[in-house]
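J.: Chains as they are written, first to last, in our numbering: chain A, 535 to 893; chain B, 535 to 893. Yeah, the Cβ is synthetic: ideal placement off N, Cα and C, and Gly gets one too. Just passing along the structure, written as structure tokens.
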């Protein structure tokens, strides 16, 4: 079968011929429908993140997949079920984190990430997965099921943020998403659908007219141009924020978030930047953090519970939003276009096979 | 009556003569037993923190008090009850934070802090307090009741830290307290009594023999000399920590805490440093924070619920610990000794009247 992979020493994706996988006990064979592309894929391709599987000369890409069960094996699924796989797998048989359904909390060494680190991804005509790492989704969202993984990542981060404010009465009104990439926009839509924020903001650095600004405003949120209003100025220009969700990977944002928060506010950090030394007014940040009961939570990956929450968020996405955010779905011969990234691109996917509804 | 105050333009405490307060509706009159001294008092005296009450030429000091109800008024208390006051009061009548019992979460402007900011403290022969801001304590701890406020501050910070880890299975084994002042030592004792940490550490910078090191080791914890093992080296020299509790007010500790944490760990920050610019590897900190699901919570003040939790912690303190930590209790004529701060001082208090048990 054909797969999209990056080869050792290369920094561009190519089509490779691989063996169709055979499901082991407890696994299902899934026919791949579509696999999304995100910033992590670009980092993996560039060699800045992730690891090749031991002994392999290539890494099959892709961690945002949706597919159809081809052979359910001894799993709880049936042939024809639409499913989305989670990303982490145990490297040497189940460990405590996987056993309790929290692979997202496993420390380094206790997981592989399919398509990212130590294990092949889903950008292939077929993939296998343990039944417990597959989430059933409604047929109605089969075509956009590749949005479930990024939505699940947002669900987990917001869950951690909300938990951090659970020992007191917290009634947040304002939320700011940092970053107008696909994760930022999906998070904005999820926050709008699942929470009662009165005012939503999204920070980017694009000139109008711009499709992401249209999406932000279509969701009823306020676009903040960081070139005119840097994060540090957001409280004075707009308001201090009860929740800040960082999806830029820009390290200064992690620290400026502290100042952007309202008293008792929380910042969820999701970016994975590289080393970068810079100066901070650490004394003022520390003091502000303490005197106003602020919090920061780092969040990576997601587990089945977050995929399930994200399934509701995905089903609730307005049709116009899906149409605007998914800017391109490309068949295998044209897969390279899915890895282009310019100002007209929001979210792309590669289609491996078409979904046909069961009568 | 006599009170200990700092006058405008001065930076040393003096005895002043003031009117004995008259309880208003809903208030009790309390005869003061003892009032503790802590780092915040020193900052208030030095002018680095807090505010004088509007229109007043002095600020009565003290926010760590224990007393005996002299006139219960229409409160739920009885004459003779041993009580400890909370610190925050509404500046202009009750607001939502006070109404729901969470004055510790009030933003600036929505509270005064007695003895610190905008309202006189408890270092006087008598004070009045609304009944809902008084916590009853057992007679058996009347003499060390001034330890309740700092313990309550530790209870609140740990409550926030634990809440931040409540959305997943968190079974912490190791905790590190930064700072071997009285708050650090009280926190260490509280963590030992109320949690199941297998290994406790406390960081300071003192040479042996030293009374705080004796207390740390008496509690079964490991003393970490930050001159030999800076915080950044703690994970390699000892282990990464599931919980870090910062009670040094040293701004670099707020950032080094991120690296000292184990995956899924949380740092509670309590220090209130002044502005201080320094360089951080913000990219590496951000990346580490995210990839290991770490969290930081800032925490200030405490409410009645935390005082109640602290009452249990106070009653559980071993007698040797109380004796070792309370290094001096001084009558009013000798009050200046309570404000001395050298390597033999851990916790001091001023005694305004002696406690005599009821029959």
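#1: Quick one: what does DSSP say residue 769(A) is sitting in, helix, strand or coil?
#2: Taking residue 837(A) as the reference, give the member of 669(A), 615(A) and 565(A) with the closest Cα.
#3: In this structure, what does DSSP give as the bridge partners for residue 733(A)?
#4: Just the C-alpha distance for residue 893(B) and residue 603(B), rounded to the nearest angstrom, thanks.
#5: My output table needs one value for residue 499(A): the three-state DSSP class, helix, strand or coil.
#6: Under 7 Å between beta-carbons, which chain B residues line up against residue 770(A)? List them in chain order, please.
#7: Answer with yes or no whether the minimum CB distance from residue 573(B) to chain A is below 8 Å.
#8: Tell me which residues of the segment 793-816 of chain A have at least one Cβ-Cβ distance to chain B shorter than 7 Å, keeping chain order.
#9: Roughly how many angstroms separate the alpha carbons of residue 790(B) and residue 780(B), rounded to a whole number?
#10: Please determine, among 873(A), 879(A), 850(A) and 798(A), the residue with the shortest C-alpha to C-alpha distance to residue 701(A).
#11: Please determine if the segment 599-618 of chain A and the segment 559-567 of chain A are in contact, where contact requires at least 3 C-beta pairs separated by less than 8 Å.
#12: Can you name, in chain order, every residue of its own chain whose Cβ lies under 7 Å from the Cβ of residue 587(B), other than the five neighbours on each side?
#13: Please classify residue 708(B) as buried or exposed, where buried requires at least 16 neighbouring CB atoms within 10 angstroms.
#14: Can you tell me where the alpha helix (DSSP H) holding residue 726(B) begins and where it ends?
#15: Does residue 729(B) get closer than 8 Å to chain A when you measure Cβ to Cβ?
#16: Output, in chain order, the set of chain A residues within a Cβ distance shorter than 7 Å of residue 831(B).
#17: For my contact list, residue 825(B) and residue 806(A) are in at a C-beta cut-off of 8 Å; report their separation, rounded to the angstrom.
#18: List the residues of chain B that residue 820(A) touches, going by C-beta distances under 7 Å, in chain order.
#19: I think residue 898(B) touches residue 873(B), with their Cβ atoms under 8 Å apart; what is that distance to the nearest whole Å?
#20: For residue 642(B), count the other beta carbons within 10 Å of its own beta carbon; 16 or more makes it buried, fewer makes it exposed. Which is it?
#21: For residue 705(B), which option in 787(B), 775(B), 613(B) and 582(B) has the closest C-alpha, if you only look at C-alpha atoms?
#22: In angstroms, rounded to a whole number, what distance separates the CA positions of residue 632(B) and residue 884(B)?
#23: What separation, rounded to the nearest whole angstrom, lies between the Cα atoms of residue 581(A) and residue 596(A)?
#24: Under 8 Å by Cβ, that's how I've got residue 877(A) and residue 744(A) pegged, so tell me the actual separation to the nearest angstrom.
#25: Quick check on this structure: which residue in 568(A), 579(A), 538(A) and 574(A) has the alpha carbon closest to the alpha carbon of residue 545(A)?
#26: Please list, in chain order, the chain A residues whose beta carbon lies closer than 7 Å to that of residue 701(B).
#27: Quick one: what's got a C-beta closer than 7 Å to residue 846(B)'s C-beta in the same chain, skipping five residues either side?
#28: Determine the closest residue to residue 680(A) out of 786(A), 541(A), 821(A) and 569(A), with distance taken between C-alpha atoms.
#29: Going by DSSP, what residues sit across from residue 566(B) in a beta bridge?
#30: If we call anything under 8 Å between Cβ atoms a contact, is residue 782(A) one with residue 710(A)?
#31: Is residue 719(A) buried or exposed, if buried means 16 or more other CB atoms sit within 10 Å of its CB?
#32: Of all the residues that make up the segment 615-644 of chain A, which are near chain B by a beta-carbon distance shorter than 7 Å?
#33: Might you give, ordered along the chain, the residues of its own chain that have their beta carbon closer than 6 Å to the beta carbon of residue 863(A), omitting 5 neighbours on each side?
#34: 8 Å is my cut-off, CB to CB: does residue 826(A) come that close to chain B?
#35: Quick check on the DSSP output: the beta strand (DSSP E) that includes residue 660(A) runs from which residue to which?
T.: According to the structure data:
#1: Taking the first residue of the first chain as 1, we reach residue 769(A) at position 235. Three-state result, residue 769(A): helix.
#2: Reading the first chain from its first residue, position 303 is the one you call residue 837(A). Per the Cα distances, 669(A).
#3: By 1-based counting over the first chain, the position of residue 733(A) is 199. DSSP, once it has assigned bridges, lists 708(A) as partnering residue 733(A).
#4: Here residue 893(B) corresponds to residue number 359 of the second chain, with the count starting at 1. Here residue 603(B) corresponds to residue number 69 of the second chain, with the count starting at 1. Caution is warranted here: a pLDDT of 48 is assigned to residue 893(B), below 50, making its placement in the model unreliable, and the coordinate value is therefore given only provisionally. Residue 893(B) and residue 603(B): Cα-Cα distance of roughly 16 Å.
#5: Past the boundaries of the shown model lies residue 499(A); chain A is included only from 535 to 893, so the question cannot be answered.
#6: Position 236 of the first chain holds residue 770(A). The contacting residues do not exist; residue 770(A) stays about 15 Å from chain B at best.
#7: Here residue 573(B) corresponds to residue number 39 of the second chain, with the count starting at 1. No, no contact with chain A.
#8: 797, 798, 803, 804, 805, 806, 807, 808, 809, 810, 811, 812, 813, 814, 815 and 816
#9: Residue mapping note: residue 790(B) aligns to position 256 of the second chain, counting from 1. Residue mapping note: residue 780(B) aligns to position 246 of the second chain, counting from 1. Using only the alpha carbons, I get a separation of about 10 Å.
#10: In the first chain, residue 701(A) corresponds to position 167, counting from 1. Of 873(A), 879(A), 850(A) and 798(A), the residue nearest in Cα terms is 798(A).
#11: yes
#12: Numbered from its first residue, the second chain carries residue 587(B) at position 53. Excluding sequence neighbours, residue 587(B) sits near 593, 652, 653 and 654.
#13: To locate residue 708(B), count along the second chain from 1; it is residue 174. Its Cβ being crowded by 16 or more others within 10 Å, residue 708(B) is buried.
#14: For the purposes of this step, residue 726(B) is taken as the residue at position 192 of the second chain. Run containing residue 726(B): 716-728, per the alpha helix (DSSP H) assignment.
#15: Translated into positions along the second chain, residue 729(B) becomes position 195. With 8 Å as the cut-off, residue 729(B) does not count as an interface residue toward chain A.
#16: Walking along the second chain from the start, residue 831(B) turns up at place 297. Neighbours of residue 831(B) on chain A, chain order: 698 and 829.
#17: Locating residue 825(B) in the second chain gives position 291, counting from the first residue. Locating residue 806(A) in the first chain gives position 272, counting from the first residue. With 8 Å as the limit, residue 825(B) and residue 806(A) qualify as a contact, their Cβ atoms being about 6 Å apart.
#18: Counting from 1 along the first chain, the entry for residue 820(A) is found at position 286. Chain B residues near residue 820(A): 785, 788, 803, 805 and 807.
#19: Nothing can be reported for residue 898(B), as the shown portion of chain B is limited to 535 through 893.
#20: Within the second chain, residue 642(B) is the residue found at index 108, counting from 1. Exposed: under 16 other Cβ atoms inside 10 Å.
#21: As a working note, residue 705(B) is residue 171 in the second chain. Ranking the options by Cα distance to residue 705(B), first place goes to 775(B).
#22: Locating residue 632(B) in the second chain gives position 98, counting from the first residue. Locating residue 884(B) in the second chain gives position 350, counting from the first residue. Those two C-alpha atoms are separated by around 29 Å.
#23: Within the first chain, the letter at position 47 stands for residue 581(A). Within the first chain, the letter at position 62 stands for residue 596(A). Taking the straight line from one Cα to the other gives about 15 Å.
#24: Here residue 877(A) refers to the residue found at position 343 when the first chain is read from its first residue. Here residue 744(A) refers to the residue found at position 210 when the first chain is read from its first residue. Their Cβ separation, rounded to whole angstroms, is 7 Å, which keeps residue 877(A) and residue 744(A) in contact under 8 Å.
#25: Position 11 of the first chain, counted from the first residue, corresponds to residue 545(A). Cα-wise, what sits closest to residue 545(A) is 579(A).
#26: To locate residue 701(B), count along the second chain from 1; it is residue 167. Ordered by position in chain A, the residues that pass the 7 Å Cβ test against residue 701(B) are 693, 694 and 697.
#27: As a position in the second chain, residue 846(B) is number 312, starting the count at 1. For residue 846(B), where only same-chain residues beyond five positions count, there are no Cβ hits under 7 Å.
#28: Taking the first residue of the first chain as position 1, residue 680(A) is located at position 146. That would be 569(A), whose Cα lies nearest to the Cα of residue 680(A).
#29: Locating residue 566(B) in the second chain gives position 32, counting from the first residue. 601(B), per the DSSP bridge assignment.
#30: As a first step, residue 782(A) is located in the first chain; it is residue number 248 there, counting from the start. As a first step, residue 710(A) is located in the first chain; it is residue number 176 there, counting from the start. For residue 782(A) and residue 710(A), no; Cβs fall outside 8 Å.
#31: If you number the first chain from 1, residue 719(A) lands on position 185. Buried: at least 16 other Cβ atoms inside 10 Å.
#32: 634, 636, 639 and 641
#33: In the first chain, residue 863(A) corresponds to position 329, counting from 1. Taken in chain order, the residues that qualify are 883 and 885.
#34: Within the first chain, the letter at position 292 stands for residue 826(A). Closer than 8 Å to some Cβ of chain B, the Cβ of residue 826(A) qualifies, so yes.
#35: Taking the first residue of the first chain as position 1, residue 660(A) is located at position 126. 660-664 is the extent of the beta strand (DSSP E) around residue 660(A).
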